[in-house]
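Below: the structure, in C-alpha cells.
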Amino acid sequence: MPAAPHAAVPAGTEAPLVDHASLVLRAGRLGPVLPHMGWILRVSGHVPRDLLAAEAVRLARRPYGLGRRVRPRRIPGARRHWRVDPTPPPVALREGPLTPAAVRRWLDEELARPLDPERGDGWRLSAAHADDGDSVVLLVVHHLYGTVAGALRASAPHDDPAPWHGTTEARFVPGARFGLRHELDALGERLQLGLGGAARAARDALRRPPAPTPAPGPGPAPLRPAAGRDRTRRRPAPGRSAAILTCPADEWDAAAAARGGTGNTLLAALTANLVRRGRVARGGDVGRPVRLVLPIDLGDDAVGARREGASGPRATMVTASVVLPGGAPHHGDLAPARRWMKAAFAAEAATAPPVRGVGDLTRLLPEALTVRVAERAALAFDACATNPGALPASVACLGDHRPRAVAALGFPIGLDLIAALSRTPEQVSVAVVADAGRIGGADVHAWLGDELAAWGLPDRRW
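Residue 75 in this note's numbering sits at position 71 of the sequence shown; the count goes up by one each step and never skips.
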C-alpha cells in the first residue's frame with residue numbers, strides 16, 4: 005500500500021450521512037452487535053511500528069475512504085454528518101514472536117473490539133509478529149464506511165475515487181458546513197422521502213409480479229426453509245472466533261469442478277458444513293435445513309443504473325438465499341446446490357428491487373425499532389457465504405513487504421458465522437468469522453482443517 009499524492013480537503017468539509025448508514029451506527033450500540041468488516045494480510049518479515057503508523061496516516065488522508073468520522077446531530081431526527089478527519093487512530097502492534105495459537109488468540113481479541121466512528125474510532129489498524137518471521141496485519145473497519153470492496157477502492161492511492169465507492173452519497177463540498185438550517189432542511193427531506201417511500205412500497209407491493217418458477221431440471225427440487233426459528237440458537241455474544249485458509253486458485257476450482265460445482269458453490273457448501281458442526285456443538289436441531297444468504301459483489305459491473313427515487317451509493321451487490329439440507333457435514337455432489345443457487349439468483353434478478361420504497365420508508369421509524377426488526381429478520385438465516393469481489397491492487401504491498409496472503413473479513417450480525425471469499429488470479433482465501441456464543445465456543449480453526457481434508461484441499465490455515 006504505497007503512499008501517493010493526495011488532494012487536500014479542508015478540515016471543515018462535511019457531507020450528510022445517509023439514513024440507512026445511521027441505522028448501522030445505532031446497531032453497533034445495541035448489545036453485542038459488531039457491524040464491522042475488514043481485511044487481513046500475512047506478509048513476510050516483521051513489519052515495524054513506524055511503517056504501520058505511516059500506513060495509518062495514508063489511510064486517514066482519504067476522505068472518501070477512512071479519513072472521516074461522524075459528527076453528532078443537534079436536532080432529534082435530523083441526519084448526522086460526515087466530517088473530514090485526517091487524524092488516524094493509534095496503531096497496535098503485538099510484538100512476538102508469537103506461536104500460531106497465540107496469533108489466533110490475538111486475532112480473536114482484535115475482532116471482538118467494538119468501533120464507533122461518532123464517539124470513538126471508526127477503524128483500527130493492528131499487527132502481530134509470528135514466530136515464523138511473518139507479520140499478520142489486520143484492519144477492522146466499521147461497516148458505516150461502506151462495503152469491503154468500496155472502502156478498499158476509496159482508500160486506494162489515487163486522487164479521484166468514484167463517489168459510489170464510499171458511503172457519502174455526494175462529494176464533499178470544500179468549506180461547506182452543515183449548520184442548524186441545513187439540519188432542518190435535511191429533516192424535512194427525510195420526512196418527504198419517507199412518505200414517498202411508503203407510497204411506493206404500497207404501490208409496488210400491489211403490483212409485484214409473482215416470482216418466476218425455475219424451469220424443471222435434473223436432480224431434487226429446491227428445499228424450503230424450515231418453519232419457525234431455531235430455538236437452540238443463543239443470543240449474539242461479543243466474542244468472535246476466526247479462521248483463515250489460503251490455497252491455489254486452480255486447486256480450489258478443481259475441487260469444486262470435480263463435484264459438479266463452482267468456486268461459489270464450494271464456498272456455500274463449506275459454510276453450510278460449519279453451520280452443521282455448530283449445531284452439534286451447541287446441542288441444536290441437527291436435521292433442520294440450513295439457510296444461507298449469498299451476497300456477491302459485481303464491482304464496476306453494477307447491478308444497474310440507480311433507480312428513480314433511490315438514495316445511497318450505487319448498488320454493486322446482488323444477494324440471494326438458498327436452503328441446503330441439514331444433517332451431517334456433506335462433501336459429495338455439488339451439482340444440486342449449484343442448480344439451486346443459480347435459480348435463486350435468477351429469481352432475485354427477475355424481481356429486484358422487491359419493494360422500492362422500503363428503504364425510504366424506514367426513515368420514518370425510530371432507529372432502535374428498525375434495527376430490532378432487521379435483527380429479527382436476520383434470524384431467518386443461519387450464515388452468510390459472500391464473495392465481496394476482487395480486491396484492488398492497492399493491497400498488494402505494504403511498504404517493501406509483499407503479502408503472502410490477503411483476505412477480506414465479514415462479521416456475523418445476527419448469524420452464526422460469515423465466510424468471505426477473496427480471489428486473485430493465483431490464490432483463493434476464505435476468512436471465517438463466527439459468533440463464539442452461537443457455535444458453543446468450539447474451535448472453528450480445527451473445523452476448517454477438517455473441511456479442507458474432506459474436500460481434498462491443501463491445509464494452509466493461518
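Glycine residues also receive a C-beta, built at the ideal position from the N, C-alpha and C atoms.
Residue i at chain D interface by Cβ criterion, 8 Å
{"i": "D136", "result": "The chain inventory of the structure shown lacks chain D, comprising one protein chain alone."}
Cα-Cα separation, residue i to residue j
{"i": "T323", "j": "L227", "result": "18 Å"}
{"i": "R280", "j": "D463", "result": "21 Å"}
{"i": "G418", "j": "L199", "result": "29 Å"}
{"i": "W127", "j": "L210", "result": "43 Å"}
{"i": "A246", "j": "R108", "result": "8 Å"}
{"i": "G316", "j": "S48", "result": "Confidence in G316 is poor, its pLDDT being 44 and thus under 50, which makes the residue's placement unreliable; the coordinate value appears in the next sentence. Taking the straight line from one Cα to the other gives about 39 Å."}
{"i": "R83", "j": "E193", "result": "10 Å"}
{"i": "T171", "j": "L369", "result": "Its pLDDT being 48, under 50, T171 is placed unreliably in this model, and the value from its coordinates should be taken loosely. C-alpha separation (whole angstroms): 21 Å."}
{"i": "S139", "j": "R46", "result": "6 Å"}
{"i": "R1", "j": "V95", "result": "One cannot answer for residue 1 here, as it falls past the ends of the chain, which runs 5 to 466."}
{"i": "G468", "j": "P104", "result": "In this structure the chain extends from 5 to 466, so residue 468 is not present and cannot be described."}
{"i": "H85", "j": "E455", "result": "45 Å"}
{"i": "K346", "j": "P90", "result": "44 Å"}
{"i": "T366", "j": "R157", "result": "29 Å"}
{"i": "E430", "j": "R408", "result": "11 Å"}
{"i": "G403", "j": "R62", "result": "12 Å"}
{"i": "L197", "j": "D364", "result": "6 Å"}
{"i": "W459", "j": "A206", "result": "47 Å"}
{"i": "L274", "j": "A259", "result": "12 Å"}
{"i": "S325", "j": "R376", "result": "21 Å"}
{"i": "W451", "j": "G336", "result": "17 Å"}
Top-ranked residue by Cα proximity to residue i, from the options
{"i": "H405", "options": "D463, V37, R33, P52", "result": "P52"}
{"i": "D234", "options": "R380, L111, P392, P94", "result": "R380"}
{"i": "V294", "options": "A272, D301, I300", "result": "A272"}
{"i": "G288", "options": "G414, A341, R77, R237", "result": "R237"}
{"i": "A160", "options": "L395, R376, G265", "result": "L395"}
{"i": "V434", "options": "F349, W256, G243", "result": "W256"}
{"i": "A106", "options": "T374, A60, F415, D135", "result": "D135"}
{"i": "A372", "options": "C401, W43, G81", "result": "G81"}
{"i": "A387", "options": "R286, H186, V432, L298", "result": "L298"}
{"i": "I44", "options": "L142, A58, V327, V61", "result": "L142"}
{"i": "H147", "options": "D420, R62, G414, R465", "result": "G414"}
{"i": "A230", "options": "F385, G150, L191, G336", "result": "F385"}
{"i": "A440", "options": "V377, T266, R244", "result": "R244"}
{"i": "V399", "options": "R33, A261, G42", "result": "G42"}
{"i": "R427", "options": "P224, P242, R33, P392", "result": "P392"}
{"i": "R292", "options": "P118, T266, R204, P329", "result": "P329"}
Under the three-state DSSP convention, the category residue i falls into
{"i": "L414", "result": "Correcting the residue type first, residue 414 is Gly in the shown sequence and not Leu. Correct three-state label for G414: strand."}
{"i": "P340", "result": "helix"}
{"i": "A309", "result": "Unreliable placement is indicated for A309, whose pLDDT of 44 sits below 50; the coordinate value is still reported in the next sentence. Coil at A309, not helix or strand."}
{"i": "A96", "result": "strand"}
{"i": "L452", "result": "helix"}
{"i": "A106", "result": "helix"}
{"i": "L210", "result": "helix"}
{"i": "H146", "result": "strand"}
{"i": "W86", "result": "strand"}
{"i": "P178", "result": "Its pLDDT being 47, under 50, P178 is placed unreliably in this model, and the coordinates cannot settle the point."}
{"i": "D135", "result": "coil"}
{"i": "V434", "result": "strand"}
{"i": "H40", "result": "strand"}
{"i": "A160", "result": "coil"}
{"i": "T151", "result": "coil"}
{"i": "R465", "result": "strand"}
{"i": "D439", "result": "strand"}
{"i": "L328", "result": "strand"}
{"i": "R204", "result": "helix"}
{"i": "T91", "result": "coil"}
{"i": "R53", "result": "helix"}
{"i": "L45", "result": "strand"}
{"i": "R73", "result": "strand"}
{"i": "L369", "result": "coil"}
{"i": "L129", "result": "strand"}
Test item: CB-CB of residue i and residue j under 8 Å
{"i": "A424", "j": "T390", "result": "yes"}
{"i": "H133", "j": "L184", "result": "no"}
{"i": "H334", "j": "N268", "result": "no"}
{"i": "R98", "j": "W110", "result": "yes"}
{"i": "V1", "j": "A412", "result": "Only positions 5 to 466 of the chain appear in this structure, which leaves residue 1 out of reach."}
{"i": "H115", "j": "L56", "result": "Strictly speaking, residue 115 in this sequence is Leu, with His absent from that position. Cβ distance not < 8 Å, so L115 and L56 don't count as in contact."}
{"i": "G331", "j": "V284", "result": "no"}
{"i": "D125", "j": "P93", "result": "yes"}
{"i": "V432", "j": "V448", "result": "no"}
{"i": "L29", "j": "V88", "result": "no"}
{"i": "I248", "j": "W466", "result": "yes"}
{"i": "A155", "j": "L70", "result": "yes"}
{"i": "G35", "j": "L119", "result": "no"}
Exercise for review: With a floor of 4 residues, list each alpha helix (DSSP H) that falls wholly inside the stretch 371 to 431, ordered by position along the chain.
Suggested key: The qualifying runs are 371 to 382.
Review point. If you scan the stretch 268 to 307 from start to end, which runs of the beta strand (DSSP E) of 3 or more residues do you find wholly inside it?
Key: Runs of the beta strand (DSSP E) inside the stretch 268 to 307: 294 to 301.
Practice item. Mind listing, in chain order, the continuous beta strand (DSSP E) runs of no fewer than 3 residues lying wholly within the stretch 222 to 272? Key: You should have 244 to 252.
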